[in-house]
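Numbered according to UniProt numbering, the sequence shown spans residues 1 to 696. We put the CB at the ideal spot given by N, CA and C, even for glycine.
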Amino acid sequence: MNWSFEFFPFFPHEVLITLGVACLVVLALSAWRNRRGLFLRALALACLLLALVNPNLKNEVRQPLANIAVVVVDESSSMQLAGRADRARDIEAALKEKFAQVPDLEVRWVHATPTDQQGGESTELFAALDKAMGDIPPGRVAGAVFITDGQIHDVPQDKARLGFDAPVHALIAGAPDEKDNRIEVVSAPRFGLVGSEQTAEIRAEKSGKSGAGLATIFVRRASGPVETISAPYGKTVPIRMRFDRAGPNIVEVDLKPEPGELTTINNKTVIQAQGVRENLRVLLVSGEPHAGERTWRNLLRSDAAVDLVHFTILRPPEKHDGTPIDQLSLIAFPTRELFSEKLSQFDLIIFDRYQRRAVLPMIYLDNVARYVEHGGAVLVAAGADYASPVSLARTPLGAVLPARPTGRVVEEPFRPSITKEGEKHPVTAGLPGAPKKDGQEPKWGHWFRVIDSQAERGEVVMSGAEGKPLLVLDRRGEGRVALLLSDHAWLWARGYEGGGPHVDLLRRLAHWLMKEPDLEEEALSARAGRSDITIERRTVKSEIGEATLTLPSGKEVKVALDETAPGRFSKTVATNEAGVHRIAMDGLTAVAIAGDLNAPEFRKVIATDEPMRPILNKTGGGAFYLGGTMDAPAKDVPSISMVKSGHRFAGGTWLGLKAQDAFEVKAVSYTPLVAGFAALGLALGLLALTWYREGR
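This is how it looks when you write it as structure tokens:
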């Protein structure tokens, strides 16, 4: 039973305060006038006020509640190193035995797995503690115990954020003198122009008892020999990062391991940055004004990655009025500047319904042919002029064009069709509206003209009326050529019969010619999950070989890919190794990064109490290195003691939990201390005694 006083006043507090003040005034006047019986008068007024506040003796029947301790077991990736997971299980088992010997103690066990954040995997044990304590009253918490390696990334710096007043302890699976080296990325570029070179900064660090010395660092790039760097530990070292291609550019950095290291996972890191092209330069030469001219112009001008130079020859070929060539436009057509001096600066040249005329001498068309052989790109969008005697096929440029005109123009309605080769080619594969099954009609509008031509080389990816070649793609020397044998693509742009995928087709075509990596016919790529690698192969070949997957450990695995679509092959392979995985297949290579090499979880892995030290000191808890990993001998789990109060809850071989003395009230009884009539009689008696005393 527990006794206490409680008051149940008959009047509001304001009334009682007013009466109390009035009584004090009366007593003060009596004292000022030196009246007799002042003590008796004060006693009478006090009895009267006491009766009005109605004091009661409170008796509670209480049932004690058990204290609650929360134990958080770290199951992050760093706990899988050096036998820590086994040691943590041993500590957990020993702790359960010790907790069983403590009376009135309830224990909650929480097994905390790693958390995926934007920067990679991290250990957030206090978040797991908060979640476990959601239904525990703060007044019953005796303390929190963490079984961990000490590498925790969400330790609160303010004690109030815990939400309870009890100690926090750390039982560390490991020893304070563990040895580990690691490589860190100090700074790195996020992107760079293709062909440029930038600088990243790295640093090798030693932890624990490693001491000083020289680090040996290996830098591997997509091409070129391995670079070896020797630098003191702790010193920032610059490394060159070349952007050889558009898209991801990867540099691997390996720190040579030393004997006795805890792990070599953090001896590797990867710097990945995106290679971006400068604006692509396109020269568009329109042979004459026509309905489809704006289609090309609008498409290229809408692409922010393209710088367009456009010339239209306004003089029709049949007009002969003797006007000199240099007077046919507001500015002179800069033929020499464009087709001789600055030709190599263009990524793509488009001839739109251009025919042989005196505006562009043959020597410059020969320059264009050689420009293609040396890595340039040309697109000819042909009209009826391509079948005429003034066709570009009859110029030096015809040597690089993949199809020869027969001289006939087929003019009849047809829907452009994707050929079997086109179903595999990235320019035409999967165009919106293409038929899903054989025999189906494409869901786009008709064209009405195709130039009858014989494809001499290259790939016919689209066909027109009578099965004639419509779009022919070819590689010539180091460059590329495309021949579109119709000038009716503008019908799709105008929405005729519902239109068609002119933007997709023409943009893919232009970017394939300009050698965009995503549109290569023969491509190998890979993407990594946390525990798997997906290999993807794109090809126009009918058969492919096996892929060779090289794991970070150097082990090679042969992988046979499955066909998922025409010209598309894929396979997902499980992996338990973190790091750079290399894939080689049919002379192509690709890389993928599995796991989180740069994640917080592996930046520091030695056993330590440093991250938790502030909160341990503020709550009075302690850190206990229990060893049992690598060469460190195992130590006994500390004994458990319940402590009523104090500033320290830990000693050399013991840890304390706070006895909160929480209880649940089962019953309450009240006994009035001043009964109504008894209090009134006592007050009247004292007043009568006061009057009697004053009357003498």
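Anticipated Cβ contact below 8 Å, residue i with residue j, distance rounded
| i | j | result |
| --- | --- | --- |
| residue 700 | Gly445 | The question about residue 700 has no answer here: the residues shown for the chain are numbered 1 through 696. |
| Ala526 | Glu536 | 7 Å |
| Leu392 | Arg353 | No, Leu392 and Arg353 are not in contact; Cβ-Cβ is about 10 Å, not under 8 Å. |
| Ile265 | Met241 | 23 Å between Cβ atoms; not a contact. |
| Leu506 | Trp512 | 11 Å between Cβ atoms; not a contact. |
| Glu75 | Thr115 | About 11 Å; that fails the 8 Å criterion. |
| Ala381 | Trp490 | Not confirmed; about 10 Å, so no contact. |
| Val145 | His169 | 5 Å |
| Val253 | Ile202 | 6 Å |
Where residue i falls: helix, strand or coil (DSSP)
| i | result |
| --- | --- |
| Arg357 | coil |
| Ser417 | strand |
| Met630 | coil |
| Arg457 | coil |
| Ala175 | coil |
| Gly83 | coil |
| Arg89 | helix |
| Asp518 | helix |
| Pro396 | helix |
| Pro317 | Unreliable positioning characterises Pro317 in this predicted model, as indicated by a pLDDT of 47, which lies under 50. The coordinate reading is nonetheless provided below. In the structure shown, Pro317 sits in coil (DSSP, three-state: anything other than H, G, I, E or B). |
| Gln272 | strand |
| Ile544 | coil |
| Lys96 | helix |
| Ile606 | coil |
Spatially closest choice to residue i from the options, by CA coordinates
| i | options | result |
| --- | --- | --- |
| Met514 | Glu421, Arg281, Val61 | Arg281 |
| Leu524 | Gly376, Ala403, Thr548 | Thr548 |
| Leu283 | Asp303, Phe311, Arg277 | Phe311 |
| Gln274 | Ser302, Leu392, Ala188 | Ala188 |
| Gly622 | Val637, Ala650, Pro614, Thr608 | Ala650 |
| Lys424 | Thr199, Ile147, Val141, Gly567 | Gly567 |
| Asn67 | Val21, Gly143, Gly292, Leu19 | Gly143 |
| Ala51 | Arg475, Phe11, Arg294 | Phe11 |
| Tyr386 | Arg476, Leu360, Glu466, Leu483 | Leu483 |
| Val400 | Ala31, Arg408, His374, Leu431 | His374 |
| Ile239 | Gly213, Val185, Leu214 | Val185 |
| Val368 | Pro469, Phe346, Gln198 | Phe346 |
| Asp474 | Ala455, Leu300, Arg87 | Ala455 |
| Pro402 | Arg457, Ile17, Glu521 | Arg457 |
| Asp104 | Leu95, Ala69, Pro156 | Ala69 |
| Val460 | Gly495, Lys420, Arg476 | Lys420 |
| Ala46 | Tyr364, Ser344, Thr653, Ile17 | Ile17 |
| Thr395 | Leu365, Glu258, Asn59 | Leu365 |
| Val557 | Gly439, Thr575, Ala85 | Thr575 |
| Gly163 | Thr619, Val226, Thr671, Leu299 | Thr619 |
| His502 | Ala493, Ala204, Tyr670 | Ala493 |
| Glu92 | Phe39, Leu171, Glu466, Ser302 | Leu171 |
| Lys436 | His488, Pro517, Lys468, Ala565 | Ala565 |
Beta-carbon contacts of residue i that lie in its chain and below 7 Å, excluding the five residues immediately before and after
| i | result |
| --- | --- |
| Gly260 | Lys179 |
| Val559 | Ile535, Glu546, Ala547, Leu549, Lys571, Val573 |
| Val372 | Val378, Val400, Arg476, Gly477, Gly479, Val481 |
| Gly407 | Ala387 |
Own chain partners of residue i with C-beta closer than 6 Å, once the 5 adjacent residues on each side are dropped
| i | result |
| --- | --- |
| Ala127 | Asp154 |
| residue 709 | One cannot answer for residue 709 here, as it falls past the ends of the chain, which runs 1 to 696. |
| Arg480 | Ala377, Leu513 |
| Val285 | Phe311, Phe351, Tyr354 |
| Thr148 | Asp74 |
| Ser207 | Asp180, Ile606 |
| Val390 | Gln355, Arg356 |
Residue range of the unbroken beta strand (DSSP E) whose run includes residue i
| i | result |
| --- | --- |
| Trp3 | 2 to 7 |
| Arg242 | 236 to 242 |
| Ser286 | 280 to 286 |
| Met585 | 579 to 585 |
| Val472 | 469 to 476 |
| Val309 | 306 to 312 |
| Ile363 | Taken as a continuous stretch (DSSP letters only), Ile363 belongs to no beta strand (DSSP E), being part of the alpha helix (DSSP H) at 362 to 373. |
| Arg527 | 523 to 528 |
| Asn298 | Run containing Asn298: none in the beta strand (DSSP E); it sits in the alpha helix (DSSP H), 293 to 302. |
Contacts around residue i, its chain only, beta-carbon distance under 8 Å, and the 5 residues preceding and following it disregarded
| i | result |
| --- | --- |
| Asp90 | Gly628, Ala634 |
| Gln101 | Ile640 |
| Arg190 | Ala273, Gln274 |
| Gly150 | Ala170, Ile172, Gly174, Ala607, Thr608, Asp609, Glu610, Pro611, Met612, Ala623 |
Run of the alpha helix (DSSP H) containing residue i, from where it starts to where it stops
| i | result |
| --- | --- |
| Ile17 | 13 to 32 |
| Ala231 | No alpha helix (DSSP H) holds Ala231; the beta strand (DSSP E) holding it covers 227 to 232. |
| Pro614 | 613 to 619 |
| His511 | 502 to 513 |
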